[in-house]
Amino acid sequence: MKLLLQHRILLGYIILIAVIGTMVAILVYERAQLGALEKRTVEIQQIQRDINAAHHRITTLATYGESVIAWTVDDYKKYKTYRFRADSLLQKLKSPCKEFVRPEQLDTLCLLLKQKEEHLHGIMQAVHRQDEADSLLLNSLPSVTRQATRTQTVTRKKKGLAGLFGKKETVQVPASPNALHSLNEQLISIQQERQEDLDDYTDSLRIRNKELNSRLYTLITALDEQTEKAFQQKQEELQSSYERSVMTVTGLVVSAILLLVFSYLKIHRDIRERADNKKTLEEHVEKLRRSVKENEELISNRHRIMQTITHELRTPLSVIIGYAEMAVNETDTTISQDYARKALLTSHRMISMLGTMLGYFRLDSGKEQINSVPFSLRSVSDTLQAEFTPLAGNKSLKLVVESEKDEVLFGDRERLMQVGDNLLSNAVKFTEAGSVTLKMYYGDGKLYLIVEDTGSGMSNEEQARIFNAFEQLPNAASQDGFGLGLSIVQRIVNMLQGTVAVESIKGKGTRFTVVLPMSIADDIPGQIAKTMPVYYSEASFSVIALDDNESLLSMMKEMFARNGVRCDTVSNISDLMEAIRNRDYDLLITDLKMPETSGYEVLELLRSFNVGKSKDMPVIVATASTGYSKEELTGMGFSGVLLKPFSMQELMETCTSCVTARMGTIKPDFSTLLSCGNEPVLLDKLIAATEEEMRAVKDAAERKDTEALRHWIHHLRSSWMILRTEAPLHKLQTLLTESVPEEEKIHEAVIEILETGDNIIRLANEERRKYNGHDNRS
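Position 143 (the sequence shown) corresponds to 143 in UniProt numbering; numbering is contiguous.
Here it is in structure tokens:
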């Protein structure tokens, strides 16, 4: 189903809106994807910041732990707070970083931090214990030292005999070093214990720090690599998303542009088609309007024609009927014969009127042909003068005929006479006083025929109507005729490729000027051959015609008789078969549609029976039907086709073309050539021209020059057709038109042409000898 233009435009807009909507949806989707990627990037960046913060806090813890020896309990609490914060941050990273590191790794790191804290606490305690030892040393050493350096005054007995008998002496006894030794041992014990604790804590802390640093490095490295990888992946996804968006949008834009261009071209084409269709429709409408107008004019003209014909024929018919009735009832033979004579004269006038009308219709339908012959210009003017002088004298008019020097022209004399006759007839008919003038002269390849009168003249409006068929002006109401005279003149002039012009002044007169292209009759045989119809001489072939219309049969018989061809006529099948049994005919003409049978059935009947020449006799079909073309009818088996109504020339041309194909070369007929007079000169020209042409044909055949042969076929056809000898030319022409001409057949056809040419020369010489006693060479 073909969409309307509005629907196509709507469909284009829908497609465009759909494309734009798809683009918007894709852009929204890509924007959402971009937002998600950006959000994920922010999350990764936050994770990166958290990782950096954790790293910073762990580093801070490590740095802060370096001063553990100087820690106080507050410092430890502060370290513990930092460690809790780092632990919290690491616990916070568990969920977002689970795709980067395992939670167990973070738990291990937290445990290591806690263990480090414990070891640092132990170191702090060990340091504090050392402080206690130092405090002990600080507090006890002075006392012990004083005790160790203090001298005790002791009163004792002297040793020996003195002691026994003497008095006691006062002795400075130094303090005992035992206390100092005890302190020293205690200090050494404390120092050793502290050193052992410090060594243990230091070793453990070193191991834990090493493991912690290793785990922390591994964790940080893994996190950095994973975040970098994640950043790179997201960057690639962003780039890919951007490229995909660009490609998608570009594709959609290009598609939209292509769709718009396609839609524009489609709509433009549809608009142009609509414009063309509208123009065509308008042309058809205009044609229909013209056709309706023409039909209306045709109906009006037909009505006028019928009225004119009825009116013009009613009077002579009434006269004929009246005289016939009176002749039947009249007993006096003399009076009865007078009635019959008057009825006959009226019948002849009626026949003349009908002949004029039929002649017009034949001219109007293009059935008439030009029949050019050599003629004397003076003979035409003299004939017209002799015909119209009495008619002009009857109305006391002066007929003036002016003709310059006599010329022998080559043209259709009968048509020229008809033009002059009609113009002079009108001039005499519509001129009441004054003169009628006929002027004829030749110059510059044209014949001028001028008819002037001093009649009533015509207005411009009347001048525009006078060439219309069946048109009668008011001043012609009392005149006989159908109003076809000037219409016939115009059509004859058009057929002869000339012009006719009218000049008229109301109340003063009218002038008609006819100009016809015409040549001087120099080469009479060639000119005759170009224009004369081709008919066969008497007894060249015989025809039998079958038709249910007796009038048509009579007309065909008369046409054949005028051309010396015997024609028998029958109106039914039985008479046809009887005639074929009794005589061999060269040709059958049958009507296509008859009451009892059809032309095709007649053809089948002839081919199925072996009666006379029925098997191979050419059959021409005559028809007025347009239901079949010529090609279809010849395809059925008919040798030729005659379309009714047909002219005598059409009849003879069709018949001769069919007969020529069977009869071959026919004896040359010089009658048409010699009818122009000056027979010896014409025969001498024919002999000389034919001898030269045969030499040229022979030379072309020897050179196998097909183009030259075609030229000579065309050249010879015009002259040989007038002699009824063109059959060999048709044969060679047919052979040359084949796609692959056969040289042997062409050679045979050329020989036949040469033999025909020799035959023409021989018979022309024989004919020439008949005139030897009448020319100067006798």
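Heads up, the beta-carbon is just placed ideally off N, CA and C, and yes, glycines get one too.
If we count Cβ pairs, one from each stretch, closer than 8 Å, do we get three or more for the region 49-69 versus the region 78-87?
-> yes
Given K745 as reference, the closest of F388, I753 and L735 once Cα atoms are compared = L735
Among the residues of its own chain, which have a CB less than 7 Å from the CB of L754, if the five just before and after it don't count?
-> M694, V697 and K698
Mind listing, in chain order, the continuous beta strand (DSSP E) runs of no fewer than 3 residues lying wholly within the region 390-437?
-> 398-403 and 408-411
Hey, how far is the Cα of G599 from the Cα of S608?
-> 14 Å
Under three-state DSSP, which class holds V24?
-> helix
Alpha carbon to alpha carbon, what distance is there between I580 and K613?
-> 8 Å
Between the Cα of M721 and the Cα atoms of E748, R762, K685 and P668, which residue gives the shortest distance?
-> P668
When we look at the beta-carbon of M247 and count the other beta-carbons within 10 Å, is it buried (16 or more) or exposed?
-> exposed
Looking only at DSSP bridge pairs, what is M326 linked to?
-> DSSP lists no partner for M326.
Would you kindly report the start and end of the unbroken beta strand (DSSP E) that includes K770?
-> K770 -> no beta strand (DSSP E), and no H or E assigned at all.
Going by DSSP, which residues form a beta bridge with G443?
-> K446
Determine the burial state of Q649: buried for a count of at least 16 other Cβ atoms within 10 Å of its Cβ, exposed for fewer.
-> buried
Please list the segments of the beta strand (DSSP E) lying wholly inside the region 593-672, counting only runs of 3 or more residues, in order along the chain.
-> 619-623 and 640-643
Which stretch, first to last residue, makes up the beta strand (DSSP E) that contains V500?
-> T499 to I505
So the alpha helix (DSSP H) A727 belongs to, where does it begin and stop?
-> A727 to L736
Enclosing alpha helix (DSSP H) for D568 [first to last residue] | That residue, D568, is in no alpha helix (DSSP H); its beta strand (DSSP E) goes R566 to V570.
Would you list the residues sitting across from residue 791 in a DSSP beta bridge?
-> In the structure as shown, the chain begins at 1 and stops at 778. Residue 791 is therefore absent and cannot be evaluated.
Please classify F646: is it buried, with 16 or more other beta-carbons within 10 angstroms of its beta-carbon, or exposed?
-> buried
Check whether the Cβ atoms of T513 and D453 lie closer than 8 Å to each other.
-> no
Touch check for the region 237-246 and the region 15-33: three-plus C-beta pairs under 8 Å?
-> yes
Whole-angstrom Cβ separation of V373 and V493, contact assumed at under 8 Å?
-> At roughly 18 Å, the Cβ-Cβ gap does not stay under 8 Å, so V373 and V493 are not in contact.
Burial state of K279 (16 or more Cβ within 10 Å) | exposed
N-terminal and C-terminal residue of the alpha helix (DSSP H) that F84 is part of | V73 to K92
For the candidate residues R710, A749, L709 and N759, whose alpha-carbon lies nearest to that of L723?
-> N759
What's the call for L397, buried or exposed, on a 16-neighbour Cβ count within 10 Å?
-> buried
Which first and last residues belong to the beta strand (DSSP E) in which V697 is found?
-> Premise fails: V697 lies in the alpha helix (DSSP H), E679 to E702, not in any beta strand (DSSP E).
Sufficient close CB pairs (3 or more, under 8 Å) joining the region 67-81 to the region 119-128 = yes
From M555 to D421, what distance separates their C-alpha atoms?
-> 26 Å
Tell whether a beta-carbon distance below 8 Å holds between L486 and F467.
-> yes
Which of helix, strand or coil does DSSP assign to A539?
-> Confidence at A539 is low in this model, with a pLDDT of 40, below 50, so its placement is unreliable and the value that follows should be read with caution. Of the three classes helix, strand and coil, the one that applies to A539 here is coil, per DSSP.
Is there at least one Cβ from chain B nearer than 8 Å to G251's Cβ?
-> No chain B is part of this structure, which consists of one protein chain only.
Considering only residues of the same chain and omitting the five flanking positions on each side of V401, which have a CB-CB separation below 6 Å?
-> S381, Q385 and L438
Rank S574, D50, I544 and L686 by C-alpha distance to the C-alpha of V621 and give the top, closest one.
-> I544
Within the same chain, show all residues whose beta-carbon is closer than 8 Å to that of S95, passing over the 5 residues directly before and after it, in chain order.
-> none
If we ignore side chains and look at the alpha-carbon of each, how far apart do L399 and T383 end up?
-> 13 Å
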